[in-house]
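Every number in my numbering is 4 more than the matching position in the sequence shown, counting from 1. One structure is given below, encoded as structure tokens.
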Amino acid sequence: MTKPIAFNQPQVGGLRELAPLPGRARIPWWLAALLVLALMGGLWWFTRDEDPESLVQSRLVGPRSPAPVSVAILLDESGSFTDYDQVRRQVLDQLTEWAPENLRPDDLVTVVSFASDAAVKMPTTRVADLANRPPAYAPTAPGGGTDIQPALRLLTDGTEATKASVSLVAVTDTMIGDADPDAIGDLVHGLGATTMSVITPTGVEGDWRDAFGWELEINADAGSVDQTALAVGEAFAHATGQRLEAR
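Here it is in structure tokens:
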């Protein structure tokens, strides 16, 4: 007769005793804390909103209207800004490099300067043609005062800025001598301007705010090319309804 198989393990109630489960290894608390910190750091890295350091390192993102925009840049060339002409030139150079990659070819850019009077520094130019813009974009607005109304009239009568929906971008300390809200309101209405941004190193004066109370205010160091150019990029984002972020 065949003998039953004998088990070496002790029997419990006629059944074979189960082998004990191996014990779980515990992770030291300090290692667990390091793993949590590493996970949080990685999550921050992938979800962070990094601020760009220059205009050429930034991009416009988000949807925008299919219609072209016409951005009119108004540069204050009164006595308080006479030392910043080279800064403005470099800002326009950055804009020329950045705009074709971020705006539409049929968007328009116009640059007008103002003091007591106004002058066209760069005529209305399609973004597709910015790289070929004429090099002589540096006439200085005459006079030692600071009046914004001549610049608004010049945009209407002396440029082609109104061929698309106009967005105004003023680079100024906002200390102007002709801040008449009614007169400025009529000029802005005549331009058909839909948005406006003011880039200022010192904050906005009360008289200016009374005349342009619906604008976006951006602070930037007037002597910094990168800060001013980034502020111009933010103003373009305001004009298109998008946002500016690092590449």
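For every residue, glycine included, the Cβ atom is placed at its ideal position computed from N, Cα and C.
| Asked | Found |
| --- | --- |
| For A119, three-class secondary structure by DSSP | coil |
| The region 98-115 in contact with the region 199-219 per 3-pair CB rule at 8 Å | no |
| Chain-order list of residues whose beta-carbon lies under 6 Å from that of D230 (same chain, five-residue window excluded) | S58 |
| Inter-residue Cα distance where the pair is A145 and W102 | 26 Å |
| Secondary structure of T206, DSSP reduced to three states | coil |
| Proximity of G189 and D151 at Cβ, strictly below 9 Å | no |
| Pairwise C-alpha distance: P32 and F240 | 53 Å |
| Beta-carbon proximity of T199 to N223, cut-off 9 Å | no |
| Contacting residues, own chain, Cβ-Cβ under 7 Å from D121 (five flanking each side not counted) | A145, P146, G147 and P154 |
| As assigned by DSSP and simplified to three states, the class of P127 | strand |
| Inside the region 83-114 only - alpha helix (DSSP H) runs reaching at least 4 residues | 89-106 |
| Among E238, H242 and T244, the one whose alpha carbon lies nearest that of A250 | E238 |
| Backbone CA spacing between A165 and R137 [nearest angstrom] | 15 Å |
| Reference A235; option with closest CA among W212, P185, G196 and V175 | V175 |
| Burial state of Q94 (16 or more Cβ within 10 Å) | exposed |
| Closest residue to R130 among L99, R157, A119 and T160 (Cα-Cα distance) | L99 |
| Burial state of E219, where buried means 16 or more other Cβ atoms lie within 10 Å | buried |
| H242 and S171 closer than 9 Å at C-beta | yes |
| Minimum C-alpha distance to D161 - residue among P127, V173, M179 and D225 | P127 |
| Sheet register partners of E249 (DSSP bridge) | R63 |
| Of the listed residues D89, F216, G149 and T86, nearest to H193 (C-alpha basis) | F216 |
| For S228 and R247, the rounded distance between their alpha carbons | 22 Å |
| Residues near T244 by beta carbon distance below 7 Å, same chain, minus five either side | L64, R68 and V73 |
| From E221, R213, A123 and T114, residue whose alpha carbon lies closest to that of S201 | E221 |
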